[in-house]
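Final position of the sequence shown in this note's numbering is 616; the numbers increase by one with none missing.
We put the beta carbon where it would ideally sit given N, CA and C, even for glycine.
Inspection log for the structure reproduced underneath, given as structure tokens.
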Amino acid sequence: MITPLPLKESRDRYATDLADEGGSLIQDAAPPLASWRRSSGGTVAPSAEPEANGSQGAAVSSRRDSYATTPRATPFRSTPGADGADLSLHGMLVEARNECLSLRALNVRLLTSNEELRTRLGVFSDAFVDHEVGYEKERADSEFDQELARRIEGIKREAAERQEDLQQARRSLAARARHPETEDIGVQHDAVSPLVRDLRAELRDKDTVISRMQEELQQLFGSEDLGSSRGSGSSVDIAGADAISRLLERCRRHVHSSNDAFRRLRADLEERDHRAATIREDAANAVLHEVSTTRRELEAKHHQALDSLRTAHAREIATISNAHDATLAALRRDLDAALARPAVSPHTATIESLQSLYPSQFAQLAQSNASRIATLEADHAIALDTVRDRAEASVRDAVSRSHREAARFKEQFTAAYHTAIARLKDKYMRLAEAKEEEHKREMQDMAELNRREVDEAVREGIEKGRREAEDAAAAAVRRWGEDREEVDRLRERIAELEDTLTQTKLAHNQALLDTKHRSAKDLQESLQRMKTRYIETLQTMRDDLARHKSAAKQRFDAEWIRREAEIDRRWIA
44 MITPLPLKES
54 RDRYATDLAD
64 EGGSLIQDAA
74 PPLASWRRSS
84 GGTVAPSAEP
94 EANGSQGAAV
104 SSRRDSYATT
114 PRATPFRSTP
124 GADGADLSLH
134 GMLVEARNEC
144 LSLRALNVRL
154 LTSNEELRTR
164 LGVFSDAFVD
174 HEVGYEKERA
184 DSEFDQELAR
194 RIEGIKREAA
204 ERQEDLQQAR
214 RSLAARARHP
224 ETEDIGVQHD
234 AVSPLVRDLR
244 AELRDKDTVI
254 SRMQEELQQL
264 FGSEDLGSSR
274 GSGSSVDIAG
284 ADAISRLLER
294 CRRHVHSSND
304 AFRRLRADLE
314 ERDHRAATIR
324 EDAANAVLHE
334 VSTTRRELEA
344 KHHQALDSLR
354 TAHAREIATI
364 SNAHDATLAA
374 LRRDLDAALA
384 RPAVSPHTAT
394 IESLQSLYPS
404 QFAQLAQSNA
414 SRIATLEADH
424 AIALDTVRDR
434 AEASVRDAVS
444 RSHREAARFK
454 EQFTAAYHTA
464 IARLKDKYMR
474 LAEAKEEEHK
484 REMQDMAELN
494 RREVDEAVRE
504 GIEKGRREAE
514 DAAAAAVRRW
524 GEDREEVDRL
534 RERIAELEDT
544 LTQTKLAHNQ
554 ALLDTKHRSA
564 KDLQESLQRM
574 KTRYIETLQT
584 MRDDLARHKS
594 AAKQRFDAEW
604 IRREAEIDRR
614 WIA
């Protein structure tokens with residue numbers, strides 16, 4: 044970003060150099076015209092040649108007055124008013140240089156405030172990105188909890204089905220145990236006793252299996268009393284039914300609590316979304332307010348600086364004009380006093396009368412002074428050409444110096460601008476890479492934790508189901524050697540559960556990958572939006588500063604041209 048201050052300072056330096064060179068040129072051009080320069084008191088300086096008589100002195104003094112009143116001699120007249128004008132011009136240039144330095148300091152402060160605004164915008168953007176990452180993480184956690192609840196519900200349904208199969212097996216076993224007593228009433232006691240002993244042994248085995256299953260259920264769902272009474276077939280069924288009812292009630296409570304937790308989590312997510320939208324709107328409004336306030340302050344300060352510069356220029360112009368008016372008034376008073384002084388001769392004579400009385404002397408005087416007048420005119424023309432050439436050369440040198448200074452300042456500020464932009468881009472890329480790496484690590488840790496939890500839960504469920512199925516199959520084999528189909532069905536069920544576990548793991552890994560890619564894509568999109576918004580803000584600031592710079596440059600050029608034309612006009616006049 045290149046400000047108009049270096050160009051203005053170079054022009055001030057050019058004006059100062061031009062004033063110094065103009066003063067030196069005036070001093071160099073003063074000696075050839077010393078014979079007809081007026082003194083500071085307003086009287087005519089004595090000539091280098093002695094006057095022959097009174098008429099010759101009057102003619103020479105009148106010729107000197109005629110030369111002194113020509114416009115060409117005005118620039119070389121040294122008066123206190125002109126010295127005051129030069130000093131006021133030098134003071135004006137010094138004040139303009141000080142004003143340029145103050146404007147440069149103001150520009151530095153404005154750049155500092157812009158950096159602070161850019162830093163605050165980066166903080167707001169980081170907070171917004173962190174909030175979006177947290178929201179995505181919570182949403183992934185809620186989806187994982189829902190999937191885990193569905194799997195737990197499926198495992199519970201499978202446990203209920205197995206419990207129903209176990210109850211049916213118990214009922215069939217009780218029916219088989221009661222069947223010999225109702226069918227073979229007429230059989231002898233010695234023939235029935237072995238069958239009764241076998242049935243009682245089978246019942247004891249069944250009670251053992253039921254006790255082991257109740258212990259496993261207690262380990263799985265807590266230390267609640269699920270009923271472990273031993274007795275007849277009806278009492279065992281009642282205890283099992285009570286345990287199953289309590290287990291189902293506890294599962295229902297767990298499902299209801301999970302649903303309540305999901306609802307609370309959903310309400311919390313909605314509240315966080317609303318809060319994030321509010322924070323985003325507040326941040327955008329704050330940034331817009333800061334930008335508008337800074338722009339208004341910048342415009343006000345520029346207007347104040349221009350008004351103060353305009354006032355200072357008007358005051359200096361008024362001072363110079365008053366000094367010139369005072370100088371002209373002093374010269375008029377000197378001229379009036381010189382004209383009002385009485386002549387040396389007691390008798391007033393005119394030039395015509397003197398010429399009629401002394402024609403030969405007038406002719407000799409004209410012939411003797413013709414060469415001197417021509418020499419003075421030639422010297423005056425040569426001095427004027429020399430002064431003009433020197434002034435043009437000094438103007439060209441000053442313009443070339445100003446152009447070189449402007450080019451040098453432009454190169455310096457361009458290099459500084461590109462360096463700052465490169466540094467900002469590098470910092471932005473490092474921050475983006477650090478954010479992306481941190482997000483990747485968090486996603487990997489979360490995925491690993493979820494995978495371990497799911498694997499552990501599924502492994503425990505499968506192990507418990509396998510143990511229950513193996514125990515039920517072993518009991519069925521011990522009870523009914525011919526029921527191979529039940530064992531095959533349980534094995535097929537175990538194989539189906541293992542296949543389901545494999546598919547669930549694959550689906551879970553795929554969901555984690557999709558979530559990771561989606562989060563990375565959302566992060567890249569948010570970073571791209573932030574980058575676009577940042578570039579648009581920089582472009583807007585650059586365009587505003589360019590417009591202000593162009594307007595200030597045009598006003599300064601117009602004021603410079605007007606002042607230069609005024610100085611040239613006064614110089615020539």
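Spatially closest choice to His356 from Lys507, Ile322, Arg140, by CA coordinates: Arg140
Alpha carbon of Ile360 to alpha carbon of Leu570, nearest angstrom: 57 Å
Beta-carbon spacing of Leu164, Thr580 below 9 Å: yes
Simplified DSSP assignment, three categories, for Tyr401: coil
Which listed residue (Leu149, Val176, Gly197) has its alpha carbon closest to that of Ala500: Gly197
Proximity below 9 Å, CB of Thr429 to CB of Ser156: no
Close beta carbons around Gln398, own chain, < 6 Å, minus the five adjacent residues each side: Phe405
Three or more C-beta pairs below 8 Å linking the region 307–316 and the region 547–554: no
Cβ neighbours of Ala601 in the same chain (closer than 6 Å, five flanking residues each side left out): none
Residue environment, His482, which counts as buried when at least 16 other CB atoms sit within 10 Å: buried
Burial state of Ser445, where buried means 16 or more other Cβ atoms lie within 10 Å: buried
Glu491 versus Asp557: straight-line alpha-carbon distance, rounded: 15 Å
Rounded distance between the beta-carbons of Leu474 and Glu333, thought under 8 Å: About 21 Å separates the two Cβ atoms, so there is no contact after all.
Proximal residues to Ser145 (C-beta, below 8 Å), its chain only, five neighbours per side dropped: Ala348
Cutoff 8 Å; reference His345; Cβ partners in own chain excluding five residues on either side: His591, Ala595
Buried/exposed call for Ala465, threshold 16 Cβ in 10 Å: exposed
Local Cβ density within 10 Å of Glu511, reported as buried at 16 or more and exposed below that: buried
Collapsed DSSP secondary structure at Arg605 in the structure displayed: helix
Whether Lys548 touches Asp498 by CB criterion (9 Å): yes
Status (buried if at least 16 other CB within 10 Å, exposed otherwise) for Met573: buried
Whole-angstrom distance between Thr462 and Val166, CA atom to CA atom: 23 Å
Pick from Gly134, Ser443, Glu342 that is closest to Leu153, judged by C-alpha positions: Glu342
Proximity of Glu485 and Leu566 at Cβ, strictly below 9 Å: no
Contact under 9 Å by Cβ, Leu544 with Ile505: yes
Status (buried if at least 16 other CB within 10 Å, exposed otherwise) for Ser562: buried
Check whether Ile537 and Arg509 have beta carbons under 9 Å apart: yes
Ile610 versus Arg447: straight-line alpha-carbon distance, rounded: 25 Å
Under 9 Å between C-beta atoms of Leu352 and Glu142: yes
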